[in-house]
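Novice:
There are 2 protein chains.
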Amino acid sequence: MRYTQYTRFIKEVIVDKGGGKSSASGRSSAPELATRDERKLRTRSSLLDAALTLMQQGRSFTSLGLREITREAGVVPTSFYRHFRDMDELGLALVDDGGATLRQLLREARKESAPVSDIIRRSVTIYKEFLLERHMHFMFIAGERSGGSPVIRSAIRNQVNLFVLEMSQDLRRFNFLPHLSTATLQMLCGLVVNTMLNAASDILDMPPDEPKLEQELLDNFVKQLRLIFLGAISWKEPVAKPAA
Amino acid sequence: MRYTQYTRFIKEVIVDKGGGKSSASGRSSAPELATRDERKLRTRSSLLDAALTLMQQGRSFTSLGLREITREAGVVPTSFYRHFRDMDELGLALVDDGGATLRQLLREARKESAPVSDIIRRSVTIYKEFLLERHMHFMFIAGERSGGSPVIRSAIRNQVNLFVLEMSQDLRRFNFLPHLSTATLQMLCGLVVNTMLNAASDILDMPPDEPKLEQELLDNFVKQLRLIFLGAISWKEPVAKPAA
DNA sequence: AATGTTTGTCAACAACTGTTCACTGAAACT
DNA sequence: AGTTTCAGTGAACAGTTGTTGACAAACATT
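Sequence lines, in order, name chains A and B. One point on numbering: in my numbering, the residue at position 170 of the first sequence is 170, and numbering is uninterrupted. To get my numbering, take the position in the second sequence, counting from 1, and add 1000.
#1: Report the CB separation of Ile249/A from Ala93/A in whole angstroms; it is logged as a contact under 8 angstroms.
#2: Going by beta carbon distance, what residues of the same chain come within less than 8 angstroms of Leu105/A, once the five residues before and after it are set aside?
#3: Within its chain, find whatever has a CB closer than 8 angstroms to the CB of Arg157/A; leave out the 5 residues flanking it on each side and keep chain order.
#4: Tell me the residue span of the alpha helix (DSSP H) that contains Val1164/B.
#5: Can you tell me where the alpha helix (DSSP H) holding Met1139/B begins and where it ends?
#6: Note down the Cα distance separating His1135/B from Ala142/A, rounded to an integer number of angstroms.
#7: Would you say Lys1111/B reaches chain A, if we count a Cβ-Cβ gap shorter than 9 angstroms as a contact?
#8: Using DSSP with H/G/I as helix, E/B as strand and the rest coil, what is Leu1185/B?
#9: Please tell me whether Ser146/A has its Cβ less than 9 angstroms away from any Cβ of chain B.
#10: Does Gln56/A have its Cβ less than 9 angstroms from a Cβ in chain B?
#11: Given that a residue counts as buried once 16 or more other Cβ atoms are within 10 Å of its Cβ, and exposed if not, what is Arg1027/B?
#12: Is there a Cβ from chain B that is less than 9 angstroms from the Cβ of Ala232/A?
#13: Could you please tell me which residues of the stretch 59-81 of chain A, in chain order, have their CB closer than 7 angstroms to any CB of chain B?
#14: Any idea if Val160/A is buried or exposed, counting beta-carbon neighbours within 10 angstroms, 16 or more meaning buried?
#15: Is any beta-carbon of chain A found at less than 9 angstroms from that of Ser1168/B?
#16: So, are the CB atoms of Lys1223/B and Met187/A less than 9 angstroms apart?
#17: Are the stretch 172-182 of chain A and the stretch 224-240 of chain A in contact at 8 angstroms, needing three or more beta carbon pairs?
#18: DSSP on Lys236/A, reduced to helix/strand/coil?
#19: With 16 other CB atoms within 10 Å as the buried threshold, where does Thr62/A fall?
#20: Are any of the Cβ atoms in chain B nearer than 9 angstroms to that of Asn220/A?
#21: Taking its Cβ as the centre, do 16 or more other Cβ atoms sit within 10 Å of Ile233/A, making it buried, or is it exposed?
#22: Could you name the residues of the same chain whose beta carbon sits closer than 7 angstroms to that of Ala155/A, not counting the 5 residues immediately before and after it, in chain order?
#23: Taking 9 angstroms as the cut-off, decide whether the C-beta atoms of Val1164/B and Asp1088/B are in contact.
#24: Using the beta-carbon of each residue, which ones in chain A are nearer than 7 angstroms to Pro1150/B?
#25: What do you get for Ala1034/B, buried or exposed, if any count of 16 or more other CB atoms within 10 angstroms of its CB means buried?
#26: Within its chain, find whatever has a CB closer than 6 angstroms to the CB of Leu1225/B; leave out the 5 residues flanking it on each side and keep chain order.
As structure tokens, then:
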């Protein structure tokens, strides 16, 4: 029993750290496998990676099979059940990882506190870097957001809503558009996030190494954001009932 | 040979009409099956309907199987090949139907020519009616837009881009935002269409018969459009190079 | 050192998949 | 009339799927 608790502890710690550089750098650079839980987590994440890899090859998550994933991960099909009850549970794990990526994006953007000039262009730069580095997470989120199984779809929606909420709170904190009501601010952020994810789909779907087209898509993205914030600036709240 | 040509002709005529009221109303109200080509088209569209029905039950198109569809359609699996080479081809047919729906939406919106007051609210009303009436097409387009197989995904993207283009031309024709360059107008329409499809996903994913929530989503949608057009109104084209 | 726990493996299963081929009967053509 | 065309059928195939249970070896616990 105590062992089980310990396992859970390790799991949470390592999983939550979410991807600090290379997985086992620090103590021993030897490729030897240390504790049992570490190895379990290793195959677990190799299952997750296998799913993402297959998706990168054009498949959608919902169409992936259990055996297909274990094959790609290099383990026997039955091993799957040591980590996930079924494909849905693996999908939910991917949603969590994607959510963590989103939150980290927000944290990164928060560092660029000073709302000086060209805040949009800079945010987009951060976003672009994130997009390329973690492209598989974004592909999964943007792709299954309104396509996959109902369970996963609603889980993604939750994560995205959470992201929207957090973003709107950040804008409030930085006094970014003080004349907007909270509801309007959230509506704004929802619009921005949707635009962001749509852009992600577009950009990640490109044939690779086409910098011209990529720049075009990015410019269009920036232009859309500019227009949105322009609208936000000149927004007037309805006068019926001022926020209490 | 001549028979084959005739078949093609009938196909195009009936398929292109895209859904005028009930399929065979007008001459004989008897439910008897007339010509051979008509019956072929009937099972063809019952295959398409079967796919849509299964999707309505929460499945994504990419995860559907050939046998599953023929089962739902009430024909034997081998019949499938009389109509489509494989699932991708059926998917493309669905994309075409969806595109036709989009074009019809545009045609409907065009009737409301007068750009008087509250044009957004009225357009949204038209959209909502369309959305409910043809919900399966929208579900398919919005769902597989960035999820399904690469072939279908790019086909959808083409249709959506076409829709965006046509919409921007309409706005030009009605002199709607004359101070915008063509490129900006297209960017605007792209933004609107993305917002539209995202709203479609949200609305169609709701638990049925929740008018309160539905109204909330619709209001949010209208609010987003308002903000977008507000931004479009106060948009200033960069002064570097005025459109030649 | 002895005992319990657990990750991964192996073999096997019933069910289902996409696809093939030859065939039927009715509609369409000559 | 006789002949051709063709949508839909039925049986069969090799391959794949998700899932089960028993087992081995490495590890953790006492």
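C-beta atoms are modelled at their ideal positions from N, C-alpha and C, and glycine is treated no differently.
Specialist: By the coordinates alone:
#1: Within the shown structure, residues of chain A are numbered from 1 to 244, placing residue 249/A beyond reach of any answer.
#2: The residues are Ile126, Tyr127, Phe130.
#3: Once the five neighbours on either side are set aside, the close Cβ partners of Arg157/A are Arg145.
#4: 1150-1173
#5: 1135-1144
#6: If you take the alpha carbons of His1135/B and Ala142/A, they lie about 21 angstroms apart.
#7: no
#8: helix
#9: yes
#10: Interface residue (Cβ-Cβ distance to chain B less than 9 angstroms): Gln56/A is not classified as such.
#11: Legend: pLDDT at Arg1027/B = 37, less than 50; position of this residue unreliable, value from coordinates given subsequently. Per the 10 Å Cβ criterion, exposed.
#12: yes
#13: Under the 7 angstroms Cβ criterion, the stretch 59-81 of chain A contributes Ser60, Thr62, Ser63.
#14: buried
#15: no
#16: yes
#17: As far as the Cβ criterion goes, the stretch 172-182 of chain A touches the stretch 224-240 of chain A, which means the pair count is three or higher.
#18: coil
#19: Thr62/A counts as buried, since no fewer than 16 other beta carbons sit within 10 angstroms of its beta carbon.
#20: yes
#21: exposed
#22: Leu92, Val95
#23: no
#24: Gly58
#25: exposed
#26: Ile1120
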